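Residue numbers (the working numbering), protein chains in the order written: chain A, 1 to 385; chain B, 386 to 770; chain C, 771 to 1155; chain D, 1156 to 1540. For each residue, glycine too, the CB sits at the ideal point set by N, CA and C. Being a predicted model, the structure only gives us computed values, none of them experimental.
Protein chains: 4
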Amino acid sequence: MNTQPCAAVVGTGFIGPVHVEALKRAGVQVTGILGSSPAKSVAAAQSLGLPRGYQSFDEVLADETVDAVHLTTPNRFHFEQAAACLRSGKHVMCEKPLAMNSAQSQELVQLARQSGLAAGVAYNIRFYPLCHEAAARARTADFGDCLHITGSYVQDWLLKPTDYNWRVIAEDGGELRAVADIGTHWLDLVQFVTGLHVQSVCADLQTVHATRQRPTGETRSFSHSNDAATHPVSITTEDAGCILLKFSDLSRGSLHVSQTTAGRKNCLRFEIAGSGQSLAWDSQQPNSLWIGHRDRPSETLIRDPALMSPSAAQVTSYPGGHNEGFPDTFKQLFRTFYASIEAHDFGPSQKYPMFIDGHREILLCEAILQSHRQQAWVDVDRFED
Amino acid sequence: MNTQPCAAVVGTGFIGPVHVEALKRAGVQVTGILGSSPAKSVAAAQSLGLPRGYQSFDEVLADETVDAVHLTTPNRFHFEQAAACLRSGKHVMCEKPLAMNSAQSQELVQLARQSGLAAGVAYNIRFYPLCHEAAARARTADFGDCLHITGSYVQDWLLKPTDYNWRVIAEDGGELRAVADIGTHWLDLVQFVTGLHVQSVCADLQTVHATRQRPTGETRSFSHSNDAATHPVSITTEDAGCILLKFSDLSRGSLHVSQTTAGRKNCLRFEIAGSGQSLAWDSQQPNSLWIGHRDRPSETLIRDPALMSPSAAQVTSYPGGHNEGFPDTFKQLFRTFYASIEAHDFGPSQKYPMFIDGHREILLCEAILQSHRQQAWVDVDRFED
Amino acid sequence: MNTQPCAAVVGTGFIGPVHVEALKRAGVQVTGILGSSPAKSVAAAQSLGLPRGYQSFDEVLADETVDAVHLTTPNRFHFEQAAACLRSGKHVMCEKPLAMNSAQSQELVQLARQSGLAAGVAYNIRFYPLCHEAAARARTADFGDCLHITGSYVQDWLLKPTDYNWRVIAEDGGELRAVADIGTHWLDLVQFVTGLHVQSVCADLQTVHATRQRPTGETRSFSHSNDAATHPVSITTEDAGCILLKFSDLSRGSLHVSQTTAGRKNCLRFEIAGSGQSLAWDSQQPNSLWIGHRDRPSETLIRDPALMSPSAAQVTSYPGGHNEGFPDTFKQLFRTFYASIEAHDFGPSQKYPMFIDGHREILLCEAILQSHRQQAWVDVDRFED
Amino acid sequence: MNTQPCAAVVGTGFIGPVHVEALKRAGVQVTGILGSSPAKSVAAAQSLGLPRGYQSFDEVLADETVDAVHLTTPNRFHFEQAAACLRSGKHVMCEKPLAMNSAQSQELVQLARQSGLAAGVAYNIRFYPLCHEAAARARTADFGDCLHITGSYVQDWLLKPTDYNWRVIAEDGGELRAVADIGTHWLDLVQFVTGLHVQSVCADLQTVHATRQRPTGETRSFSHSNDAATHPVSITTEDAGCILLKFSDLSRGSLHVSQTTAGRKNCLRFEIAGSGQSLAWDSQQPNSLWIGHRDRPSETLIRDPALMSPSAAQVTSYPGGHNEGFPDTFKQLFRTFYASIEAHDFGPSQKYPMFIDGHREILLCEAILQSHRQQAWVDVDRFED
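This is the structure in structure tokens:
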């Protein structure tokens, strides 16, 4: 009898190996990996110490030992592959974005509901333990009502016109880039923390470099090589942008995203003001949560299971002062995902980000793009539940 | 012969005594102070060690020993008093806002130009030495082109519905409050640092408390007393807001202001991304300037005249590591203001904030208010030069 | 043929499972685990998803599939078990301290040298990538000569007289506690970073609580339970202490250790001043290295393989801004350890901490204890090479 | 009638003008200043806007309008000048060190007691409001018993062998330099905060540069000029050092001082662990006090009179979030000093640092020097009360 769940990983770029390692840590057996060619599959399997490099996506679906499939492929494959997984009876953990448009993502939501399978989207940042802690505190009387939610997600890896990655091309990554790639992480996170939904947006986006130099060969995310031959390509996706937000209660806020801020490597910050206290967090110091007070000194909570809410303590593995980081978020996300699978719990309310969360982000992106093009406020379409 | 310049201060609230002390430090003789009643004038003169408590504003204007008048009165008196000073041949340093609307402030700009007198607005934050340093660096090739300018100015002293101050009432402080009181400091600062002007705004403002409890007696800024009798008053001014910004080049940005963020006592932050490097500063740690780099470690410049640009070194008085703070900004502002006076330099380009800067902020406020009401982008009217 | 190395883990406390997970991440197959009883072995194997719970230490040694043994047992077992592993032809990775005294540890060093096997001590903190980076930078001309080395390692988990753990009892943990448990991590680290050795010490130690309440049952590290029955026990091990240091060149320094500093969960800090620049690091923000300069702004290097020395980039797995933490240090330590094993490199100079490093720490502890008792400077005995 | 107290300042180096400005802010009239020559006196008076440049020290003493004299001369003049002031019936505020040795300082203590005059030493760092706050909190039950006191005072202005100042020469500055110049500030501060006294010391000092290049002309503190002609001089004073400390209760601690730590401009840090909570402060961020807790999140108190103890609120002038800095400490010190004078309170217990505090620091320095020379623990001689 197979008691340990088994997963296959599709995709061998930056994030595929992150899934592989986190699955091992979460106690999930990884059956193998699929790359963009059989040779790449075999090479990845070997370097990651996995038993099998798959020949094709169909081979993954046909592998009866596979309980769940992790999709870490380029964005444009997500819809088709996720649908195929569900239709093949495989649980699926899909990297964001869930699909290329909301028609696709809505279809996936319905497919997932009918499937009786687990269907998650890898919004891993929720799984920094102190983000769970913030969510627990945002629901307390001490926090009070939410007043405003502001912050940013900024990086610098696309600062120069010579920086290039498939994501900058609308056809490959989607019409939105910075908002879709990193802004949606922020939007998912603050909605997770507060329990509120964004209802209207007013966006203004910037394409800092209308032309970038594309290397002849391939490139990986977060890497720069200077010696390759290049040719200019026109860029229509945004490098940066600012967005005003109205939430489902009376809360208001704003988000700034940028992939062109020198010195900020990968920096997500939020500041959520409640009527009783504030909560602020910075992904570059993820083991600290700032709790702002008016009438007494503000607090800094160091990630310490002994001092955290039960829901947050549950997604941390190490004692106070023993820093956890980016790879740990995937471990905790997958522990949560597979705990539901092992419990045969496929209900509509899960502790991991579900397809409906991925769909919501795509609706948000579409509203943001429309808002930018119209230079006006746009309501986010509500998902017909 | 009286070589040392002499100043009178009008206003005895929080900021009047700040001016008095800074004038002494700047080597300016303070002739006396005027309060809202002769008795208050005398009491203030005594507690501040000044030779004279003026009986009336006219008495100030009539005092021939007075070279310059500092206006720290409630906002609604600024226009009339500033005009009277200029007409009486007195230099004037006016607290912000310069006036209650742009018709008034435009009139003051013209009056100042014709007067051949020094006419400044007390945007003191520019005079944190590292803000001058940021301005110097923003003009270098290393910084490059400005890409985006984001930040916030947040406080918590009006968090609770029982917090009250004359500024919350539109009739006394103006229709805008948080934006006008603190947002304009941020807007002035980033325009000073970058040399750019805001051209269009899209604002969304929040009145968190539509009703506040007004104490029967008077209250001072930044103070809370809980035991006074109160009665409810309706509030129309904003407690918080978010604003999208378009600058005079292609730069974009956003500003968040709030007087209802628990734990942020008086926190102005900016992050300015250039094509070569970034600059970030936080008024709660004013002696550090962050300089962000893509291809080498980012830097933190501790305020140290030995390491700063000449223009910044000129507005600092103490060696590296010897912190300067809020009161020092007024000292440096006044040193700069009176250096121009002593040099008989009343030309159109000064190192201190001039009436035109104050006017620009009022135009900005009017555009922001209109934008909020229309929930749309609004262009800032250009000053007809 | 089994190309992937195989390891067994001995010990099921806090740190045993840390080894198990890090071994999986490092691509090492974990054959099984041994606890203090067969039942505990089976339970740990099950919860960690390992194929086997060993019945006895002899069974581990007899398992021919085991290439290496990880010892995470209480300190008093290390000597005997490490020796047994080497005599059985198993590579060994031993938790610190290597032994209970320097006679034992010296014997182990010789045994390891004769064995032709890999023999490491788990000084994991070296494997924070920025500690490797500091080591690389400390060897540059820009850093210059080392002048002084200061810092601390402070925690709060033994602050109260009701806090208890087997380590507080000299018979179980050794005569030294705070110095041995955490001080040796700091001492190993700064010697690794600078390449210098401590030659003389002058120590003053404190036993804050001469009596502690011992629970009747067992306790785990970093956990507090308040409801168990307790009885008082006398404590002779130190809760805190300060130590003056003389290094093998002219460098001087000091170290403060404490397990009784409220609010410091697990905080190791060093500040190393060179004649050209300084290096400072804080384990609570392990992804930042401060580089101090005299004549230009100081720098903060965010852990980013693109900006780090090759030796440091080699022990990091994620791009800049994607935080790594405590568990990643074990992964990198084990990657380094098993890379040597796979390369059949068992020479005297390894990139992982060797038995001689463990021995050196024990000599240091003995000198520190003697210095404290004599209240005088004591030379650290040199290892006869 | 002259109700406002009047002070003369002796010394025109870095710190003399600091006193002048702070006296003005404290509402004290400055009668004039004395430099090392009549010409320097006049120049300083002019640049500082003071009515008078004194011709000689005797002229200062003879000036009947002078109530108090501030001594900011080189160390070797302090004893003689302070004694002369007291004998002339002038209150005296002396820069540290109070004298060149403990025989002198003890004589001054007795002279001060007999004089019925105010006699203070300018340990200004106590007057950072959050240092007063720490002192208030260290006396609470929440803090509990003091366990250990550690920290450092580090600078970089004497890092290079070409850095020179009169203080490096034993004849001018005293046999101890870094310890005397900055270490005594730290020692005074932690004794003020905790109410404890250092009883025994074990010191190890370093002269990093045994030879320095002395410019032919004069130099000022904290300044570097590279183009002057120089000649080598031998240096016997210490650039750095570490000291173990035993306090009057059971507390232990350590201090590190350095004037050769690149990047630390003027950085005093302490960490004081109590049995209930900890207190930590860094002079480079003086408006924040860290309060460490074991069983709840640690706190950061932003300097805010509304949240501080009465004794601390009394020495702050600005609301929360409006940073105060180095110059403000002198203002608060002098406000405190002159408040006692105005109240004719010359009793043995004052809120400002008294001559006995200055004497205690000299005893400490003598013990530290002896300890270093003997490489052994030395008891601090007790003042015969």
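- In the DSSP annotation of this structure, the continuous segment of the beta strand (DSSP E) that includes residue 656 of chain B starts and ends at 651 to 659.
- The distance from the Cβ of residue 22 of chain A to that of residue 330 of chain A is about 3 Å, consistent with a contact at the 8 Å cut-off.
- In this structure, the straight-line span from the alpha carbon of residue 622 of chain B to that of residue 583 of chain B is close to 23 Å.
- For residue 1303 of chain D, the beta-bridge partners assigned by DSSP are D:1407 and D:1428.
- Interface with chain D (7 Å Cβ-Cβ cutoff): residue 956 of chain C is excluded.
- Membership of residue 40 of chain A in the alpha helix (DSSP H) is indicated by the continuous run 38 to 48.
- Segment contact: the region 938 to 947 of chain C against the region 1046 to 1054 of chain C, fewer than three CB-CB distances shorter than 8 Å; contact not assigned.
- Closest by C-alpha distance to residue 819 of chain C, out of C:1110, C:800 and C:1126, is C:800.
- When D:1529, D:1463 and D:1504 are compared, the shortest CA-CA separation from residue 1284 of chain D is found for D:1463.
- The C-beta of residue 234 of chain A has fewer than 16 other C-beta atoms within 10 Å across all chains shown, which makes the residue exposed.
- In this structure, DSSP gives residue 1031 of chain C a state outside helix and strand, which the three-state scheme calls coil.
- Contacts between residue 256 of chain A and chain B, judged by CB atoms closer than 7 Å, involve 535 and 639 in chain order.
- Contact of residue 1528 of chain D with chain B by beta-carbon distance below 9 Å is absent, the smallest such distance being about 31 Å.
- In the DSSP annotation of this structure, the continuous segment of the beta strand (DSSP E) that includes residue 1355 of chain D starts and ends at 1353 to 1361.
- For residue 335 of chain A and residue 8 of chain A, the gap between their C-alpha atoms comes out near 16 Å.
- Residue pairing by DSSP leaves residue 693 of chain B without any beta bridge partner.
- Residues of the region 1455 to 1480 of chain D with a C-beta atom less than 7 Å from some C-beta of chain B are 1457, 1459, 1461, 1473, 1474, 1475, 1476, 1477, 1478, 1479 and 1480, listed in chain order.
- A direct Cα-Cα distance of roughly 6 Å separates residue 594 of chain B from residue 546 of chain B.
- In the DSSP secondary-structure assignment, residue 1369 of chain D is bridged to D:1386.
- Residue 509 of chain B is outside the set of residues whose beta carbon lies under 7 Å from a beta carbon in chain D.
- Assignment of beta-bridge partners to residue 96 of chain A by DSSP yields no partner.
- By the Cβ-count criterion, residue 668 of chain B is buried, with 16 or more other Cβ atoms from all chains shown falling within 10 Å of its own Cβ.
- With a threshold of 16 other beta carbon atoms within 10 Å, residue 147 of chain A meets it and is buried.
- The DSSP-derived three-state label of residue 1453 of chain D is strand.
- Cβ contact annotation for residue 639 of chain B (same chain, cutoff 7 Å, sequence separation greater than five): 535, 627, 628, 629 and 630, in chain order.
- Taking C-beta atoms under 8 Å as the contact rule, residue 845 of chain C and residue 870 of chain C qualify, at a distance of about 6 Å.
- With its beta carbon less than 7 Å from one in chain C, residue 286 of chain A belongs to the interface.
- When Cβ-Cβ separations below 7 Å define contact, residue 381 of chain A makes no contact with chain B.
- Between residue 476 of chain B and residue 507 of chain B the beta-carbon gap is near 13 Å, outside 8 Å, which marks them as no contact.
- Using a Cβ distance threshold of 7 Å, residue 1308 of chain D and residue 1444 of chain D do not count as a contacting pair.
- One alpha carbon belongs to residue 1346 of chain D, the other to residue 1287 of chain D, and they sit about 12 Å apart.
- A buried status is given to residue 570 of chain B, since no fewer than 16 other beta-carbon atoms sit within 10 Å of its beta-carbon.
- Straight across, the Cα-Cα distance linking residue 270 of chain A with residue 327 of chain A is about 21 Å.
- Distance check between residue 1310 of chain D and each of D:1416, D:1324 and D:1259 places D:1416 closest, using alpha-carbon atoms only.
- Within 10 angstroms of the beta-carbon of residue 597 of chain B lie 16 or more other beta-carbons, which makes it buried.
- For the region 412 to 423 of chain B, the residues whose beta carbon sits under 9 Å from a beta carbon of chain D are, in order, 412, 413 and 414.
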